[in-house]
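To start, the structure under review is shown below, and the notes come after it.
Number of protein chains: 2
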Amino acid sequence: MRSDPAKSALFQAIALMGKAFASPVRLELLDLLAQAPRTVDELAQASGQSSANTSQHLQVLHAAGMVTRAREGTSVRYAVSGDDALALWLSLRDVSAARLAEVERAARAYLGDQVETIGPQELLGRLARGEAVLVDVRPATEFAAGHIDGARSIPLDELERRLAELPAGREVIAYCRGPFCAYAHRAVRTLEQAGRQARRLNVGWPEWKLGAHAAGPLTFGPGTG
Amino acid sequence: MRSDPAKSALFQAIALMGKAFASPVRLELLDLLAQAPRTVDELAQASGQSSANTSQHLQVLHAAGMVTRAREGTSVRYAVSGDDALALWLSLRDVSAARLAEVERAARAYLGDQVETIGPQELLGRLARGEAVLVDVRPATEFAAGHIDGARSIPLDELERRLAELPAGREVIAYCRGPFCAYAHRAVRTLEQAGRQARRLNVGWPEWKLGAHAAGPLTFGPGTG
DNA sequence: TGGGTATTCAATAGATAACTTGATAGCTTG
DNA sequence: CAAGCTATCAAGTTATCTATTGAATACCCA
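Line by line, the protein sequences are chains W and F.
The opening position of the first sequence corresponds to residue 21 in my numbering, with each subsequent residue numbered one higher.
The opening position of the second sequence corresponds to residue 21 in my numbering, with each subsequent residue numbered one higher.
Written out as structure tokens, the structure reads:
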């Protein structure tokens, strides 16, 4: 077994994908791409990195097979390469949150006080009975790239002046990018200060897309069926 | 959004776990630990690394929350820290195999010619009807640490001289560490050369343990239910 | 065809990581 | 308590990674 060159090549090849997850900048880019495909420039702006640096990190992600690249006129649009790649990123994120106290701590510090949540099952029931209204508080472009069926788009920074659009007497459920995104937290606080009843959906669009609404608790990895 | 320190800290913390997957040596250690807990020395020997180097890599894995550490007299025994961590490693492995041609290529080169396979569902049926016998061809210590219910242990290097133990007239199903392990391939070839009917189970012990037998095809990530 | 923009390439300096070697600490046994 | 073993630490060398800068390329549009 000592230094079998073929086996060694196998692990080396897998490590290429592992390296993709070794930089916080790349993780942030991946997290942005999990919401919607974007161009290099959009990603550079959203992540606060230089264009060149963003491009280089995207190439690492591309070499690892995590993202696809497509020319669009003068721009190049990157996207997560598939549901399996998306699920892998979410798994890494969730396992690290479960296993690393530092991630939990950083998440709490970033999100602020917890707000009341609702699960996918209960949400579907309340929506079907007309008791609740579902609001996507992400930026409009991300809503356009994909959203939960039946949701209406009110980006967080427009929420305050568009409160009237929300029917009174119905509870408002807000969702955003996922459990580590602050938008829905802030939306719920804004809504409550406006005297509305509001909760946060405990999954984001990527988790929903992968099927969180079809089953109960989140599960990981191969063969959970 | 530009350089939010709290958000940046979050990705930095997650990247700590990402870094764990960035080295082929660590991946090999993780792969070994996926079969059974082991001491530093055992891991060093199995991976062909120096003791000190192995220890350092294990510390990185430990800092990432992927493995646990327990003193056992004069030794220290490491183990994968839980089913979620195990599933994450298997997902990384499988997604990289699906997305990176180089991984596929290296796997084929390592495993040699394909042999006929059988799935968990069909296996359970044949076992229940007494038509097949299931053999675990991994080293005995890995069998002792956990194995598929009803399997008998015949390590690959003992298979040839223990052929008589296998009842004639029944198909032999061999399994080992997983889809990237060569043991079961070699076992099937050995058995066929001895005139026995044999197939390879298309999952290994870790996949089975995580529930591959309970459902059909492998699925990835959160919320597949 | 030429100007403008988006992306990538190339080169560099600074930071991090990998592996080796030799020393240290913890446990077991005589 | 001393000897012997296992694991970890510390220091040093080499290799790799990151981010920056400035140049080059690809595309669009006039």
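Backbone N, C-alpha and C define an ideal beta-carbon position, used for all residues, glycine too.
>> Give me the residue from F:Ala-105, F:Leu-211, F:Leu-230 with the minimum Cα distance to F:Phe-41.
In response: As a working mapping, residue 41 of chain F is identified with position 21 in the second sequence. The shortest Cα separation from F:Phe-41 among F:Ala-105, F:Leu-211, F:Leu-230 belongs to F:Ala-105.
> With 16 as the cutoff for other CB atoms within 10 Å, does F:Arg-220 come out buried or exposed?
Replying inline: Here residue 220 of chain F is taken as the residue at index 200 of the second sequence, counted from 1. Around the C-beta of F:Arg-220, 16 or more other C-beta atoms lie within 10 Å, and the residue is accordingly described as buried.
>> At 4 residues or longer, what runs of the alpha helix (DSSP H) sit wholly inside the stretch 176 to 219 of chain W?
In response: The DSSP assignment places 176 to 179, 203 to 213 as complete runs of the alpha helix (DSSP H) inside the stretch 176 to 219 of chain W, in order along the chain (cut-off: 4 residues).
> Cα separation between F:Ala-29 and W:Ala-126?
Replying inline: Taking the second sequence and counting its residues from 1, one reaches residue 29 of chain F at position 9. Taking the first sequence and counting its residues from 1, one reaches residue 126 of chain W at position 106. Looking at the two C-alpha atoms, the distance is approximately 6 Å.
> Relative to chain F, which residues along the stretch 117 to 134 of chain W have a C-beta separation below 7 Å, given in chain order?
Replying inline: Those residues of the stretch 117 to 134 of chain W that come within reach of chain F (Cβ to Cβ, closer than 7 Å) are Ala-118, Arg-119, Leu-120, Glu-122, Val-123, Ala-126, Ala-127, Ala-129, Tyr-130.
> W:Val-157 by DSSP, collapsed to three states: which one?
Replying inline: If you number the first sequence from 1, residue 157 of chain W lands on position 137. In the displayed model, W:Val-157 falls within coil according to three-state DSSP, outside both helix and strand.
> How would you list, in chain order, the residues of chain W whose beta-carbon sits under 8 Å from the beta-carbon of F:Phe-200?
Replying inline: Working through the second sequence from its first residue, we reach residue 200 of chain F at position 180. Going along chain W in sequence order, the residues near F:Phe-200 (Cβ under 8 Å) are Leu-30.
>> Quick check for students: name the residue ranges of the beta strand (DSSP E) that lie wholly in the stretch 78 to 148 of chain W, counting only runs of 3 or more.
In response: With a minimum length of 3 residues, the unbroken runs of beta strand (DSSP E) contained wholly in the stretch 78 to 148 of chain W fall at 87 to 92, 95 to 100.
> Alpha carbon to alpha carbon, what distance is there between W:Pro-187 and W:Val-153?
Replying inline: To locate residue 153 of chain W, count along the first sequence from 1; it is residue 133. To locate residue 187 of chain W, count along the first sequence from 1; it is residue 167. Between W:Val-153 and W:Pro-187, the alpha-carbon positions lie close to 8 Å from each other.
>> Which residue marks the beginning of the alpha helix (DSSP H) containing W:Ala-40, and which one marks its end?
In response: Numbered from its first residue, the first sequence carries residue 40 of chain W at position 20. Start and end: 25 to 40.
> If we cut at 8 Å on Cβ distances, does W:Pro-242 have a partner in chain F?
Replying inline: As a first step, residue 242 of chain W is located in the first sequence; it is residue number 222 there, counting from the start. Summary for W:Pro-242: the model assigns pLDDT 37, below 50, so the residue's position carries little reliability; its value from the coordinates is reported in the next sentence. Closer than 8 Å to some Cβ of chain F, the Cβ of W:Pro-242 qualifies, so yes.
> In terms of alpha-carbon separation, which member of W:Ala-84, W:Leu-63, W:Gly-198, W:Ala-33 lies closest to W:Ser-75?
Replying inline: Indexing the first sequence from 1 puts residue 75 of chain W at position 55. For W:Ser-75, the nearest C-alpha among the options comes from W:Leu-63.
> Exposed or buried, which one is F:Ser-116 when buried takes at least 16 other CB atoms within 10 Å?
Replying inline: Locating residue 116 of chain F in the second sequence gives position 96, counting from the first residue. Using a 10 angstroms sphere on the CB of F:Ser-116, the tally of other CB atoms reaches 16 or more, which defines it as buried.
>> Counting only Cβ pairs nearer than 9 Å, list the residues of chain F close to W:Glu-151.
In response: Within the first sequence, the letter at position 131 stands for residue 151 of chain W. For W:Glu-151, no chain F residue has a Cβ inside 9 Å of its Cβ, as the nearest lies near 24 Å away.
> Roughly how many whole angstroms lie between the Cα atoms of F:Ile-193 and F:Tyr-130?
Replying inline: By one-based count along the second sequence, residue 193 of chain F stands at place 173. By one-based count along the second sequence, residue 130 of chain F stands at place 110. For F:Ile-193 and F:Tyr-130, the distance between alpha carbons rounds to 21 Å.
>> Using the Cβ count rule (16 or more neighbours within 10 Å means buried), how would you classify W:Ser-95?
In response: Position 75 of the first sequence, counting from 1, holds the residue named residue 95 of chain W. The residue is exposed, with fewer than 16 neighbouring Cβ atoms inside 10 Å.
> F:Leu-230 and F:Ala-56 look like a contact to me (Cβ under 8 Å); what is the Cβ gap, rounded to whole Å?
Replying inline: By 1-based counting over the second sequence, the position of residue 230 of chain F is 210. By 1-based counting over the second sequence, the position of residue 56 of chain F is 36. Wrong, their Cβ atoms sit about 15 Å apart, outside the cutoff.
> Do F:Gly-170 and F:Arg-197 have their C-beta atoms within less than 8 Å of each other?
Replying inline: Locating residue 170 of chain F in the second sequence gives position 150, where the first residue counts as 1. Locating residue 197 of chain F in the second sequence gives position 177, where the first residue counts as 1. Their beta carbons are not under 8 Å apart, which means F:Gly-170 does not touch F:Arg-197 by this criterion.
>> Considering Cα atoms alone, identify which of F:Gln-79, F:Val-60, F:His-77, F:Glu-122 is closest to W:Phe-31.
In response: Indexing the first sequence from 1 puts residue 31 of chain W at position 11. When F:Gln-79, F:Val-60, F:His-77, F:Glu-122 are compared, the shortest CA-CA separation from W:Phe-31 is found for F:Glu-122.
>> Restricting to Cα atoms, I'd like to know which of W:Ala-26, W:Met-37, W:Leu-52, W:Ala-33 is closest to W:Ala-165.
In response: Residue 165 of chain W sits at position 145 when you count from the first residue of the first sequence. Measuring C-alpha to C-alpha distances from W:Ala-165 to each of W:Ala-26, W:Met-37, W:Leu-52, W:Ala-33 identifies W:Leu-52 as the nearest.
>> Does the contact criterion of 3 or more C-beta pairs under 8 Å hold for the stretch 72 to 86 of chain W versus the stretch 70 to 87 of chain F?
In response: No: the two stretches stay apart, fewer than three of their Cβ pairs being nearer than 8 Å.
> Taking buried to mean at least 16 other C-beta atoms within 10 Å of its own C-beta, is F:Asp-114 buried or exposed?
Replying inline: Sequence index remark: in the second sequence, residue 114 of chain F carries index 94 (1-based). If you draw a 10 Å sphere on the C-beta of F:Asp-114, you find 16 or more other C-beta atoms in it, and that means buried.
>> So, for F:Val-87: in the same chain, excluding its five sequence neighbours on each side, which residues have a beta-carbon less than 7 Å away from its beta-carbon?
In response: On the second sequence, position 67 is the one that residue 87 of chain F refers to. Short of 7 Å from the beta carbon of F:Val-87, and not among the five residues preceding or following it, lie these beta carbons of its own chain, in chain order: Leu-53, Leu-78, Leu-81, Tyr-98, Ala-99, Val-100, Ser-101.
> Does W:Phe-41 get closer than 8 Å to chain F when you measure Cβ to Cβ?
Replying inline: The count along the first sequence starts at 1 and reaches residue 41 of chain W at position 21. Flagged as an interface residue toward chain F: W:Phe-41, by a C-beta distance shorter than 8 Å.
> Just by C-beta distance, which residues in the stretch 88 to 113 of chain W are closer than 9 Å to chain F?
Replying inline: Hits within the stretch, in order: Ser-101, Gly-102, Asp-103, Asp-104, Ala-105, Leu-106, Ala-107, Leu-108, Trp-109, Leu-110, Ser-111, Leu-112, Arg-113.
> Can you list, in chain order, the residues of the stretch 42 to 53 of chain F whose Cβ is nearer than 7 Å to any Cβ on chain W?
Replying inline: Ala-42, Ser-43, Pro-44, Leu-47, Glu-48: these are the residues of the stretch 42 to 53 of chain F whose beta carbon lies less than 7 Å from some beta carbon of chain W, given in chain order.
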